[in-house]
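Each residue of the sequence shown is one higher than the one before, counting from 16 in the numbering used here.
First the structure, in the form of structure tokens, and then the observations on it.
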Amino acid sequence: MSQKDLAVLLFDNALEIVLAFDDKGLILYGNVAAHEKLEYGEDLVGVPIGNVFPNAFKKDGDGWTQVCPVGNEISRMTAYRKNQTCFPTDMRIVKEETTGIFLCMAHSVLEKEYLSHELDQVRQETEAAMKVKSEFVANVTHELRTPVNGILGHVREMLPEETDKKKLRQLNLIEHCCVQMNKLINNILDFSKLEAGKFVLEPRRFRFRDMIDYVVANHKGRITEKGLDFFVTVSPGVPEYIVGDELRIVQILNNLLSNAQKFTSVGKIALEVIKTSGMKDSIELFFLVNDTGIGMDAKEQDKLFQSFSQVDASISRKYGGTGLGLSICRQLVELMNGSINVESVKGRGTTFSFSVWVGRDPEEADTGAEEESFVLPKPVSVLQDALEDEEQEEGYASAANREKLLKSLSKLILCVEMENWEKAEMFMETIRQLTADAPQDVSRTVLRLKMAIQKENYEKISAGIETLRGLVEAQEEPSIGET
Numbered sequence: 016m017s018q019k020d021l022a023v024l025l026f027d028n029a030l031e032i033v034l035a036f037d038d039k040g041l042i043l044y045g046n047v048a049a050h051e052k053l054e055y056g057e058d059l060v061g062v063p064i065g066n067v068f069p070n071a072f073k074k075d076g077d078g079w080t081q082v083c084p085v086g087n088e089i090s091r092m093t094a095y096r097k098n099q100t101c102f103p104t105d106m107r108i109v110k111e112e113t114t115g116i117f118l119c120m121a122h123s124v125l126e127k128e129y130l131s132h133e134l135d136q137v138r139q140e141t142e143a144a145m146k147v148k149s150e151f152v153a154n155v156t157h158e159l160r161t162p163v164n165g166i167l168g169h170v171r172e173m174l175p176e177e178t179d180k181k182k183l184r185q186l187n188l189i190e191h192c193c194v195q196m197n198k199l200i201n202n203i204l205d206f207s208k209l210e211a212g213k214f215v216l217e218p219r220r221f222r223f224r225d226m227i228d229y230v231v232a233n234h235k236g237r238i239t240e241k242g243l244d245f246f247v248t249v250s251p252g253v254p255e256y257i258v259g260d261e262l263r264i265v266q267i268l269n270n271l272l273s274n275a276q277k278f279t280s281v282g283k284i285a286l287e288v289i290k291t292s293g294m295k296d297s298i299e300l301f302f303l304v305n306d307t308g309i310g311m312d313a314k315e316q317d318k319l320f321q322s323f324s325q326v327d328a329s330i331s332r333k334y335g336g337t338g339l340g341l342s343i344c345r346q347l348v349e350l351m352n353g354s355i356n357v358e359s360v361k362g363r364g365t366t367f368s369f370s371v372w373v374g375r376d377p378e379e380a381d382t383g384a385e386e387e388s389f390v391l392p393k394p395v396s397v398l399q400d401a402l403e404d405e406e407q408e409e410g411y412a413s414a415a416n417r418e419k420l421l422k423s424l425s426k427l428i429l430c431v432e433m434e435n436w437e438k439a440e441m442f443m444e445t446i447r448q449l450t451a452d453a454p455q456d457v458s459r460t461v462l463r464l465k466m467a468i469q470k471e472n473y474e475k476i477s478a479g480i481e482t483l484r485g486l487v488e489a490q491e492e493p494s495i496g497e498t
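This is how it looks when you write it as structure tokens:
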């Protein structure tokens with residue numbers, strides 16, 4: 016088989032239209048697809064190429080003028096059948112320089128355009144449906160809030176005047192139900208706004224520790240009533256004032272602390288805030304909410320941040336909730352350019368962590384600093400006075416400090432091996448304070464080690480201790496160029 020016969024065979028069996036024409040614009044060859052789709056039959060040879068693609072080729076005396084480019088570029092052109100009906104194509108024209116013959120290859124995109132129009136229509140219908148749903152949910156929740164607040168207001172007016180214990184319990188129950196109903200309404204309204212893309216953050220300047228005090232005051236009573244310990248630590252690196260959406264940060268913390276309180280019956284709940292990074296106009300704040308509650312396994316964790324999802328039906332029956340809270344938290348955190356994660360062990364507790372980016376206080380911003388290193392907090396503890404007595408002016412880089420760190424790590428290992436978790440946490444506090452001004456890799460390792468100790472995870476503790484020991488010992492080696 017000659018090369019010419021092979022080329023004809025390939026062209027005839029191609030799925031796309033293939034036309035060959037000369038420099039006068041007359042078609043010399045059309046493959047099987049061209050004859051079928053253009054409906055010229057045997058009359059296709061000799062037809063001007065401008066009849067098939069009038070928008071691509073114009074009659075010019077005895078020849079033609081091309082409008083579309085020649086080469087590898089693909090152009091969207093309209094092809095006309097013999098009966099003057101048309102369909103859209105993606106077309107490319109190449110020229111064989113030896114013979115001067117042009118080869119036109121065109122693929123019908125009629126179905127593609129049809130599906131595109133259908134997709135656009137479906138998208139418009141979906142957006143319209145979402146708008147209707149969003150408006151309906153907003154109207155319904157506002158209508159529900161009015162009677163609920165009316166009931167709540169009347170009940171609160173009656174509470175101080177009621178002396179009968181039975182009626183007082185009933186009024187307190189009604190008040191509690193109204194408060195829970197308001198929370199549910201707010202969650203549904205927030206979820207609707209987030210899904211519709213209409214949720215807007217409202218950043219403003221506020222005092223960060225006042226916000227933390229407000230959050231703590233809201234939860235301290237309920238947590239201590241259950242006999243739980245409640246620890247709060249704010250890193251000294253966190254600025255006094257920041258610029259952000261205070262209401263939404265409070266909403267996230269309230270949700271996580273409420274969950275911690277709900278699912279913890281014995282032990283403690285801890286809230287920790289750290290400044291992890293900083294740029295010229297903004298800083299990253301890292302929050303940890305740790306509890307010693309019921310915990311969950313890996314499969315259950317996968318469901319946590321899904322809308323209307325609980326770990327299982329028994330959780331919903333026993334503890335209540337709609338499954339919207341954590342989904343809303345995730346979307347709020349992402350709106351603040353952060354992320355939220357969970358680590359948990361069944362029966363051993365859960366740690367939620369999330370980060371958000373907030374603005375610096377314009378009055379305190381250091382315009383000369385491009386980036387700041389990670390700084391761990393120096394929590395108030397029973398060890399602090401003892402450590403302050405031992406002067407720490409030399410800092411992390413000093414040989415004396417490294418020696419104390421290595422000794423503390425050795426004692427920490429013994430405590431872990433003996434499962435004396437109370438003393439392990441005490442030595443962990445010592446390590447935290449000794450690494451207060453450590454480089455970022457050391458500080459992050461200390462944070463992960465602390466979390467592993469809180470959850471009593473032996474494997475992660477062992478790995479964290481080895482990593483930290485290696486980093487500390489590496490500081491003792493002379494750097495390149497030292498003698």
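Ideal placement from N, C-alpha and C gives every residue a C-beta, glycine not left out.
Pop quiz: residue i and residue j are said to be a contact at Cβ under 8 Å. What is the actual Cβ separation, rounded to whole angstroms?
{"i": "Y256", "j": "F223", "result": "7 Å"}
{"i": "S131", "j": "F102", "result": "S131 to F102, Cβ: 14 Å. No contact."}
{"i": "C193", "j": "L159", "result": "With 8 Å as the limit, C193 and L159 do not qualify as a contact, their Cβ atoms being about 11 Å apart."}
{"i": "N201", "j": "V163", "result": "Going by Cβ atoms, the distance from N201 to V163 rounds to 11 Å, so no, they are not a contact pair."}
{"i": "I227", "j": "V249", "result": "6 Å"}
{"i": "S354", "j": "S370", "result": "6 Å"}
{"i": "A439", "j": "I468", "result": "5 Å"}
{"i": "V265", "j": "V288", "result": "Contact doesn't hold; Cβ gap of about 13 Å is too wide."}
{"i": "L350", "j": "F221", "result": "Wrong, their Cβ atoms sit about 17 Å apart, outside the cutoff."}
{"i": "I42", "j": "G61", "result": "7 Å"}
{"i": "L118", "j": "E111", "result": "7 Å"}
Who are the near neighbours of residue i in its chain, counting only those whose CB is closer than 7 Å to its CB and skipping five residues on each side?
{"i": "P84", "result": "S90"}
{"i": "V395", "result": "Caution applies to V395, whose pLDDT of 36 falls short of 50 and renders its modelled position unreliable; the value that the coordinates give is listed next. So no residue of the chain qualifies."}
{"i": "A49", "result": "I32, V33, L34, L59"}
{"i": "L486", "result": "D456, V457, T460"}
{"i": "A29", "result": "N46, A48"}
{"i": "E471", "result": "R363, W436"}
{"i": "G65", "result": "G40, F72, K73, K74, W79"}
{"i": "Q346", "result": "L209"}
Taking C-alpha atoms, which residue in the options lies nearest to residue i?
{"i": "I309", "options": "L272, K235, V360, L125", "result": "V360"}
{"i": "L286", "options": "V137, K146, T104, L268", "result": "L268"}
{"i": "L24", "options": "G45, D312, D38, L319", "result": "G45"}
{"i": "N70", "options": "V47, M92, C344", "result": "M92"}
{"i": "F442", "options": "I116, V457, L464, P454", "result": "L464"}
{"i": "D58", "options": "L30, L21, K97", "result": "K97"}
{"i": "D376", "options": "V215, N356, D296", "result": "D296"}
{"i": "Y473", "options": "E432, V487, T482", "result": "E432"}
{"i": "D312", "options": "G282, A275, R363", "result": "R363"}
{"i": "T100", "options": "E481, V47, L53", "result": "L53"}
{"i": "S413", "options": "K146, F72, L118, T450", "result": "T450"}
{"i": "V373", "options": "T113, I298, K426", "result": "I298"}
{"i": "V281", "options": "R263, D260, T239", "result": "T239"}
{"i": "T104", "options": "T113, G115, V67", "result": "V67"}
{"i": "G115", "options": "A144, D179, G40", "result": "G40"}
{"i": "I203", "options": "C344, E140, D38, G242", "result": "C344"}
{"i": "I428", "options": "E378, R484, A415", "result": "R484"}
{"i": "C430", "options": "P454, I480, N416", "result": "I480"}
{"i": "D225", "options": "G242, K475, L262, K241", "result": "L262"}
{"i": "E378", "options": "G340, M466, L424, V258", "result": "V258"}
{"i": "L319", "options": "F301, N356, Q139", "result": "N356"}
{"i": "S273", "options": "R138, Q195, K146, D135", "result": "Q195"}
What residues in its chain sit with their C-beta under 8 Å from that of residue i, if we drop five residues either side in the sequence?
{"i": "M173", "result": "L186"}
{"i": "F26", "result": "V33, Y44, N46"}
{"i": "N87", "result": "R107, V109"}
{"i": "P499", "result": "The requested residue 499 is not part of the displayed model; the chain covers only 16 to 498."}
{"i": "D400", "result": "Confidence is the limiting factor: at D400 the pLDDT is only 38, short of 50, which leaves the residue's position unreliable, though a coordinate-based value still follows. There are no such residues."}
Please list, in chain order, all residues of the same chain as residue i whose beta carbon is under 6 Å from its beta carbon, the five residues on each side excluded.
{"i": "R107", "result": "I89, M120"}
{"i": "I189", "result": "V170"}
{"i": "T306", "result": "Inspection of the sequence shows that residue 306 is occupied by Asp rather than by Thr. Correct list, in chain order: A275, T279, I284, G364, T365."}
{"i": "L183", "result": "E177"}
{"i": "L271", "result": "V304, F367"}
{"i": "G335", "result": "Unreliable positioning characterises G335 in this predicted model, as indicated by a pLDDT of 47, which lies under 50. The coordinate reading is nonetheless provided below. Hits under 6 Å: none found."}
{"i": "A244", "result": "The sequence shown places Asp at residue 244, not Ala. K283, listed in sequence order."}
{"i": "E217", "result": "D260"}
{"i": "V82", "result": "A71"}
**Message:** Tell me whether the segment 441 to 453 and the segment 419 to 429 touch, counting them as touching only if at least three CB pairs, one residue from each stretch, are closer than 8 Å.
**Reply:** yes
**Prompt:** Which runs of the alpha helix (DSSP H) fall wholly inside the segment 245 to 332 and span at least 4 residues, in chain order?
**Reply:** 261 to 278, 313 to 316
**Item:** Secondary structure, alpha helix (DSSP H): runs of 4+ residues fully inside the segment 35 to 109
**Value:** 47 to 53, 64 to 67
**Message:** Pairs of beta-carbons, one from the segment 232 to 239 and one from the segment 363 to 377, closer than 8 Å: are there three or more?
**Reply:** no
**Item:** Ordered list of alpha helix (DSSP H) runs contained in the segment 171 to 234, each at least 4 residues
**Value:** 180 to 211
**Item:** alpha helix (DSSP H) segments (min. 4 residues) lying fully within the segment 414 to 445
**Value:** 414 to 432
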